[in-house]
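K.L.:
First to last, the protein sequences are chains A and B.
Residue 0 is where the first sequence starts when you use numbering that gives the first Met the number 0, and the numbers rise one by one after that.
Residue 0 is where the second sequence starts when you use numbering that gives the first Met the number 0, and the numbers rise one by one after that.
Where is the CB? At the ideal position from N, CA and C, for every residue including glycine.
Protein chains: 2
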Amino acid sequence: MVTLKDIAGRLGIATSTVSKCLNNADDISDETKQLVYDTALEMGYKIKRRKNNIGMSERRVCILIDNMEYENHDQFGFDLILGFKTSATTRNWQVDIIPINLNASYTLANNYDSFMLQNQYSGAFLIGFSMHNDYFTQIRKTKIPTVLFDNHINDNMKVGYVATDCYDGIHHAIEHLKELGHKKIAFLNGTKSTMISEERLKAFIQIMDELNLTVYDDLMENGYYVPNSAKYHVPHFLSAGATAIVCASDLIASDVINEVTRHGYSVPDDISVIGFDDLPFSANLTPPLTTIRQDRLSLGKSALMLLDGLINDLPISRMILHAKLVERNSTAHVKTKLI
Amino acid sequence: MVTLKDIAGRLGIATSTVSKCLNNADDISDETKQLVYDTALEMGYKIKRRKNNIGMSERRVCILIDNMEYENHDQFGFDLILGFKTSATTRNWQVDIIPINLNASYTLANNYDSFMLQNQYSGAFLIGFSMHNDYFTQIRKTKIPTVLFDNHINDNMKVGYVATDCYDGIHHAIEHLKELGHKKIAFLNGTKSTMISEERLKAFIQIMDELNLTVYDDLMENGYYVPNSAKYHVPHFLSAGATAIVCASDLIASDVINEVTRHGYSVPDDISVIGFDDLPFSANLTPPLTTIRQDRLSLGKSALMLLDGLINDLPISRMILHAKLVERNSTAHVKTKLI
């Protein structure tokens, strides 16, 4: 176990100076702080539990959020964070929520590891980050236990991720549609070139194939994880004769239902629609949405569990949760005359 | 929460009789016990912590072992069980170790769930079972939290598995060989038609492809997870011009080294050999074995963590650990004249 004294010895400075740096004291220069952080990390220093105001030992971790909505319970991040915090509380961990936006990220800290050390965070849960975010370059080499959501970094024993089993989820969805007689099934995926979209596309093609259903190139498109992408793709899906549309999120599915309706078709009488996530609003859509459920509370709890593992040197690469199909009213037997 | 009283009410018998059944009392008939077990499971009854002899609340779980050696520290199961038990102890869980062999398994209990209830086990960790084991048919439908090792059951929210990331492991191995100049790489896999062998074969082919190395059908064979399979395959690998052999276990690799040597070739001067597992003996082979490490202590600890999650209704499908290549002396630069 590397101590403050060890770090001080390596640098030839006082232990009290190292301590001040790690507590981000005002009377130490930024250069000295950076030197201490770099040395501490290189030597394998670990942030320990510390006593809080009332003398209890506690661990500090943070959730860094970029590009994910979480402020009300209809949004994806809400339960994810709630699950994480619920499990943290039972372990007496303190969790700071830190929203980041791309423009402001470098005012947080020039370096992810230094930022974590400076704030005495034992680890972090990162949600909503895209693979192209600048942070990701740093996280590939981080020495701080870090859990990602729906994103994967190989080759770093300190980084793991949590996700829902999209293969199983999409399998349930297509099997359900096949049982209802659907053959021409379209797939409106999320943002292009994210890890999760690539995996879902791969799963869709593989499962269609396993279930002996023809895959049509022109029935697989990338939307975005926002409303309004449906209008670019639904008209073509309809004219190409698709009888069902699997969507990469409930938001996309909601938009698809509107678009299908706007073209004079009925969901589910003419076209079946399946969402992904099971956000609270999806049960209140017209018709109530059949969707692949992501258990966000459990994902948050699992992220905490994974982070605890990484902090205790378990080299966990990933924790994947079972997916479940929630059958509501946006799917129905295929209309034979449409085929 | 389903209580004993609820079960008694449903069956129209005394609560004390239900209690006796769940404690496997001698004065209750097997038929009544079975009826109580079936009803309890159907109603969603969960086994609770119970007070032990010294009045402490404890949880009972078991490790069922079939076809895996675990009695000394050179064997795969040893650290796997040690890791599980180490984590169990810190949570005050009691762990029973139950070796099973195929012939005797049905004397244990005719039904997995009943066996678990009868013995008040909150959950189990199953190691060494093959997919064709009779138990597996039952475990597909079990209502008892169950963790598998290197085996997968979809579609049961109560079942998850732990494994090492074989894709990453084999990636490290082939990348290492490629850096050493090897092109004709053979793969001696484990027992045919197990989940883990299928995944490893898929990974081998995919990675060779990604690294622009030619895959030769006649350089991929199935051995067994026991010594002596090398002699059937190594002669052919040698005559086909392979310069490196990746093996699915250290036991196979050890046997491959002997076989290569017996044919007058040297490891690593003529042929490089890579194992899988990093069992303790592999560092003492001649030459010491380069191998893909499975961190068995961490796998055991992760299995306990996963089981704890399942018991607390987290629908975890799998926990996968990072793999690591341990470079020793059984791999070297390819000998140009051999190519």
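1. Which whole-angstrom value describes the C-beta separation of residue 86/A and residue 298/A, a residue pair presumed to lie in contact below a C-beta threshold of 8 Å?
2. Using C-beta distances below 6 Å, list every residue in its chain close to residue 39/A, excluding the 5 sequence neighbours before and after it, in chain order.
3. Considering Cα atoms alone, identify which of 231/A, 328/A, 278/A is closest to residue 270/A.
4. Taking C-beta pairs closer than 7 Å, name the residues in chain B that residue 321/A reaches, listed in chain order.
5. Just reading off the alpha helix (DSSP H) that residue 325/B is part of, what are its end residues?
6. Give the interface partners of residue 308/A over in chain B, defined as CB-CB distance under 9 Å, in chain order.
7. Return helix, strand or coil for residue 337/B, following the three-state DSSP convention.
8. Keeping to the same chain, check which residues put their C-beta closer than 8 Å to that of residue 8/B; ignore five residues upstream and five downstream.
9. Ends of the beta strand (DSSP E) at residue 93/A?
10. So, for residue 104/A: in the same chain, excluding its five sequence neighbours on each side, which residues have a beta-carbon less than 7 Å away from its beta-carbon?
11. Quick one: what does DSSP say residue 260/A is sitting in, helix, strand or coil?
12. If residue 309/A and residue 144/A are in contact, beta carbons under 8 Å, what's the gap, nearest whole angstrom?
13. Looking at the secondary structure, which residues open and close the beta strand (DSSP E) in which residue 65/B lies?
14. Rounded to a whole number of angstroms, what is the C-alpha to C-alpha distance between residue 282/A and residue 46/B?
15. Output, in chain order, the set of chain A residues within a Cβ distance shorter than 7 Å of residue 153/B.
16. What do you reckon, are the CB atoms on residue 112/A and residue 137/A nearer than 9 Å?
17. Check this for me: beta carbons of residue 186/B and residue 244/B, under 9 Å apart or not?
18. Which residues in the same chain as residue 119/A place their Cβ atom closer than 8 Å to its Cβ, once the five residues preceding and following it in sequence are excluded?
19. Does DSSP classify residue 220/B as helix, strand or coil?
20. For residue 231/A, which three-state DSSP category applies?
21. Does the distance from the C-beta atom of residue 318/B to that of residue 126/A stay below 9 Å?
22. Whose Cβ in chain B lies nearer than 9 Å to the Cβ of residue 164/A?
23. Report yes if the CB atom of residue 180/B is closer than 9 Å to the CB atom of residue 291/B, and no otherwise.
24. I need the DSSP call for residue 104/B, collapsed to helix, strand or coil.
25. Can you pull the DSSP bridge partners for residue 122/B?
26. Can you give, in chain order, each stretch of the beta strand (DSSP E) that sits fully within the region 158–212 of chain A and has at least 3 residues?
27. Drop a sphere of 10 angstroms on the beta-carbon of residue 216/B, count the other beta-carbons inside from all chains shown, and report buried for 16 or more, exposed for fewer.
28. Take residue 97/A and list the residues in its own chain whose beta-carbon comes closer than 8 Å to its own, dropping the five residues that flank it on each side.
29. Chain A beta carbons: is any one of them nearer than 9 Å to that of residue 294/B?
30. Residue 77/A to residue 254/A, Cα distance in whole Å?
31. Please report the straight-line C-alpha distance between residue 160/A and residue 114/A, rounded to a whole angstrom.
32. The beta strand (DSSP E) spanning residue 318/B covers which residue range?
33. Taking DSSP as the reference, what is the three-state secondary structure of residue 292/B?
34. Hey, out of 191/B, 176/B, 272/B, 203/B, whose CA is closest to residue 250/B's CA?
35. Rounded to whole angstroms, what's the CA-CA distance from residue 57/A to residue 116/A? Just pull it up for me.
P.N.:
If we stick to the structure as given:
1. Position 87 of the first sequence, counted from the start, is the residue given in the question as residue 86/A. Position 299 of the first sequence, counted from the start, is the residue given in the question as residue 298/A. No, residue 86/A and residue 298/A are not in contact; Cβ-Cβ is about 11 Å, not under 8 Å.
2. By 1-based counting over the first sequence, the position of residue 39/A is 40. Scanning its chain for C-beta atoms nearer than 6 Å, with the 5 sequence neighbours on each side dropped, one finds around residue 39/A the residues 6, in chain order.
3. Start at 1 with the first residue of the first sequence, and residue 270/A comes out as number 271. Nearest C-alpha to residue 270/A: 328/A.
4. Locating residue 321/A in the first sequence gives position 322, counting from the first residue. Result: 156, 314, 316.
5. Reading the second sequence from its first residue, position 326 is the one you call residue 325/B. Looking at the DSSP string, residue 325/B is not in any alpha helix (DSSP H); the run it does join, the beta strand (DSSP E), is 323–325.
6. For this step, residue 308/A is matched to residue 309 along the first sequence. The answer, in chain order, is 297, 300, 301, 304, 318.
7. Within the second sequence, residue 337/B is the residue found at index 338, counting from 1. Caution is warranted here: a pLDDT of 46 is assigned to residue 337/B, below 50, making its placement in the model unreliable, and no coordinate value can be reported.
8. Position 9 of the second sequence, counted from the first residue, corresponds to residue 8/B. For residue 8/B, same chain residues with a beta-carbon under 8 Å away, outside a window of 5 residues either side, do not exist.
9. For the purposes of this step, residue 93/A is identified with residue 94 of the first sequence, where counting begins at 1. Counting along the chain, the beta strand (DSSP E) containing residue 93/A begins and ends at 92–99.
10. Residue mapping note: residue 104/A aligns to position 105 of the first sequence, counting from 1. Its pLDDT being 49, under 50, residue 104/A is placed unreliably in this model, and the value from its coordinates should be taken loosely. Residues of the same chain with a CB within less than 7 Å of the CB of residue 104/A, apart from the 5 flanking positions on each side, are 133, 134 in chain order.
11. Against the first sequence, residue 260/A aligns to sequence position 261. Look at residue 260/A here: in three-state DSSP terms it is helix.
12. On the first sequence, residue 309/A is found 310 positions in, with the first residue counted as 1. On the first sequence, residue 144/A is found 145 positions in, with the first residue counted as 1. About 4 Å; that satisfies the 8 Å criterion.
13. One-based indexing of the second sequence puts residue 65/B at position 66. Membership of residue 65/B in the beta strand (DSSP E) is indicated by the continuous run 56–65.
14. The count along the first sequence starts at 1 and reaches residue 282/A at position 283. The count along the second sequence starts at 1 and reaches residue 46/B at position 47. Their Cα atoms are separated by approximately 33 Å.
15. Locating residue 153/B in the second sequence gives position 154, where the first residue counts as 1. 167, listed in chain order.
16. For the purposes of this step, residue 112/A is taken as the residue at position 113 of the first sequence. For the purposes of this step, residue 137/A is taken as the residue at position 138 of the first sequence. Going by C-beta atoms, residue 112/A is nearer than 9 Å to residue 137/A.
17. Start at 1 with the first residue of the second sequence, and residue 186/B comes out as number 187. Start at 1 with the first residue of the second sequence, and residue 244/B comes out as number 245. Between residue 186/B and residue 244/B, the C-beta spacing is below 9 Å.
18. By 1-based counting over the first sequence, the position of residue 119/A is 120. Within the same chain, residue 119/A has close Cβ partners 21, 22, 46, 49, 59.
19. Along the second sequence, read from residue 1 onward, the residue named residue 220/B stands at position 221. Residue state, collapsed to three classes: strand.
20. In the first sequence, residue 231/A corresponds to position 232, counting from 1. Here residue 231/A carries a helix assignment [DSSP, helix/strand/coil].
21. Along the second sequence, one-based indexing puts residue 318/B at 319. Along the first sequence, one-based indexing puts residue 126/A at 127. No, the Cβ-Cβ distance between residue 318/B and residue 126/A is not below 9 Å.
22. Here residue 164/A corresponds to residue number 165 of the first sequence, with the count starting at 1. Within chain B, the residues near residue 164/A are 153, 316, 317.
23. Residue 180/B sits at position 181 when you count from the first residue of the second sequence. Residue 291/B sits at position 292 when you count from the first residue of the second sequence. No; because the gap between Cβ atoms is not below 9 Å, this pair is not in contact.
24. Taking the second sequence and counting its residues from 1, the one referred to as residue 104/B is at position 105. Because the pLDDT of residue 104/B is 49, which lies under 50, any placement of that residue in the model is unreliable, and the number read from its coordinates should be weighed accordingly. Assignment of residue 104/B by DSSP, reduced to helix, strand and coil, places it in the helix class.
25. Translated into the one-based positions of the second sequence, residue 122/B becomes position 123. Residue pairing by DSSP puts residue 122/B in a beta bridge opposite 60/B.
26. 158–163, 184–188, all fully within the region 158–212 of chain A.
27. Position 217 of the second sequence holds residue 216/B. With fewer than 16 other Cβ atoms within 10 Å, it is exposed.
28. Locating residue 97/A in the first sequence gives position 98, counting from the first residue. By the criterion of a C-beta distance shorter than 8 Å, residue 97/A is surrounded in its chain by 61, 62, 63, 64, 107, once the five residues flanking it on both sides are discounted.
29. The residue you call residue 294/B lines up with position 295 of the second sequence. Yes, residue 294/B counts as interfacial toward chain A.
30. What you label residue 77/A is simply residue 78 of the first sequence in a count that begins at 1. What you label residue 254/A is simply residue 255 of the first sequence in a count that begins at 1. Their Cα atoms are separated by approximately 21 Å.
31. Taking the first sequence and counting its residues from 1, one reaches residue 160/A at position 161. Taking the first sequence and counting its residues from 1, one reaches residue 114/A at position 115. About 21 Å.
32. Stepping through the second sequence from its first residue, residue 318/B is reached at position 319. Judged by DSSP secondary structure, residue 318/B falls within the beta strand (DSSP E) whose first and last residues are 315–320.
33. As a first step, residue 292/B must be located in the second sequence, where it is residue number 293. In this structure, residue 292/B counts as strand in the three-state DSSP scheme.
34. Against the second sequence, residue 250/B aligns to sequence position 251. Here the closest residue by C-alpha is 272/B.
35. For the purposes of this step, residue 57/A is identified with residue 58 of the first sequence, where counting begins at 1. For the purposes of this step, residue 116/A is identified with residue 117 of the first sequence, where counting begins at 1. C-alpha separation (whole angstroms): 16 Å.
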